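A.B. asks: To get my numbering, take the position in the sequence shown, counting from 1, and add 381. C-beta atoms are modelled at their ideal positions from N, C-alpha and C, and glycine is treated no differently. Remember, predicted model here, so these are calculated numbers, not experimental data.
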Amino acid sequence: MTTAKQSNLISLIVIIGLLIAVITSVVMINLSNQHEGPVIWNSFVYKNGYNSAKYEMETDFTDYESCKAHAQTVSAKYNNAPWQCGSKCRFDSMRQGFECESMVND
382 MTTAKQSNLI SLIVIIGLLI AVITSVVMIN LSNQHEGPVI WNSFVYKNGY NSAKYEMETD
442 FTDYESCKAH AQTVSAKYNN APWQCGSKCR FDSMRQGFEC ESMVND
């Protein structure tokens, strides 16, 4: 009878250990995805319109105003092509393009 209780206790310890490991993994993944640095802006100028895959991108602007000024200058070279500035951008390998948390054009 004591072996059945010991078996249940060992199973319970293993389950609790696995649960702790899963919770720890989820917390660590969430912490690693937090962005704590300064907001970096990227300018996108769509040479052939928004629906084209051709765009000119410039990175590392520290504020929206400098990004906007650069985008408007490049846009003027391409007959006032549409432009946007995006913050917190990253490359999305599934879509083969950049994805930003916010895109602004005003």
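1) If you follow the beta strand (DSSP E) that Val485 is part of, which residue opens it and which one closes it?
2) For Ala457 and Cys466, which I take to be in contact (beta-carbon distance under 8 angstroms), what is that distance rounded to the nearest angstrom?
3) Just verifying my parser: in three-state terms, what is the DSSP assignment at Gly467?
4) Comparing C-alpha positions only, which one of Lys435, Ser468, Ser388, Ile410 sits nearest to Gln477?
5) Can you tell me whether DSSP reads Met438 as helix, strand or coil?
6) Measure the Cβ-Cβ separation of Glu480 and Ser468 and say whether it is below 8 angstroms.
7) May I ask you to report which of helix, strand or coil DSSP gives Ser433?
C.D. replies: In short:
1) Within the sequence shown, residue 485 is the residue found at index 104, counting from 1. From DSSP, the beta strand (DSSP E) with Val485 extends over 478 to 485.
2) By one-based count along the sequence shown, residue 457 stands at place 76. By one-based count along the sequence shown, residue 466 stands at place 85. Not confirmed; about 15 angstroms, so no contact.
3) Along the sequence shown, read from residue 1 onward, the residue named residue 467 stands at position 86. The three-state secondary structure of Gly467, taken from DSSP, is strand.
4) Within the sequence shown, the letter at position 96 stands for residue 477. If you compare the alpha carbons of Lys435, Ser468, Ser388, Ile410 with that of Gln477, the shortest gap goes to Lys435.
5) Here residue 438 refers to the residue found at position 57 when the sequence shown is read from its first residue. If DSSP states are grouped into helix, strand and coil, Met438 belongs with the strands.
6) As a working mapping, residue 480 is identified with position 99 in the sequence shown. As a working mapping, residue 468 is identified with position 87 in the sequence shown. With contacts defined by Cβ atoms closer than 8 angstroms, Glu480 and Ser468 do not form a contacting pair.
7) Here residue 433 is taken as the residue at index 52 of the sequence shown, counted from 1. DSSP places Ser433 in coil when its eight states are reduced to three.
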